[in-house]
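Novice: In this note's numbering, the protein residues as written are 67 to 181. We put the beta carbon where it would ideally sit given N, CA and C, even for glycine. Just so you know, these numbers come straight off a predicted model, no measurement behind them. Have a look at the structure that comes next, please.
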């Protein structure tokens with residue numbers, strides 16, 4: 067969640083599934099974060115409760131691992147987006163993730179696709 071920033075529950079479920087988590091496990095994690103006050107839900111989006119929580123969680127992962135995570139998240143979101151109904155917020159999330167993981171995009175075909 068620290069790598070994602072504010073996001074919809076469906077995005078969290080998609081990312082969780084890509085890591086082998088089922089809906090029950092994702093819900094349990096979200097409930098724990100909410101009940102511990104580490105995350106808040108605002109309308110349809112989840113967000114870390116404080117910038118310091120995000121910064122601390124983010125700092126526990128090396129810069130190289132963060133870049134790989136951003137690239138991985140961006141690719142998962144890109145591959146699962148529905149062009150006909152993607153919102154500006156969702157598109158911004160995808161572009162932000164791919165931008166943060168841009169050094170991982172080494173294949174020329176992939177570079178053109180994401181450009």
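Which residues bound the alpha helix (DSSP H) around residue 113?
Specialist: Residue 113 -> not in any alpha helix (DSSP H); beta strand (DSSP E) instead, spanning 111 to 114.
Novice: Rounding to the nearest angstrom, what Cα-Cα distance links residue 151 and residue 79 in this structure?
Specialist: So the two alpha carbons sit approximately 18 angstroms from each other.
Novice: Contact check, residue 112 vs residue 69 under 8 angstroms by CB: the rounded distance?
Specialist: With a Cβ gap of about 13 angstroms, residue 112 and residue 69 do not count as contacting.
Novice: Look at the Cβ atom of residue 160, then the Cβ atom of residue 170, and state whether they are nearer than 8 angstroms.
Specialist: Not a contact, by the Cβ cut-off of 8 angstroms.
Novice: Return the chain-ordered list of same chain residues with a C-beta closer than 7 angstroms to the C-beta of residue 120, the five sequence neighbours on each side being excluded.
Specialist: Within the same chain, residue 120 has close Cβ partners 68 and 114.
Novice: How many angstroms separate the CA atom of residue 100 from the CA atom of residue 109?
Specialist: Whole-angstrom Cα-Cα distance: 14 angstroms.
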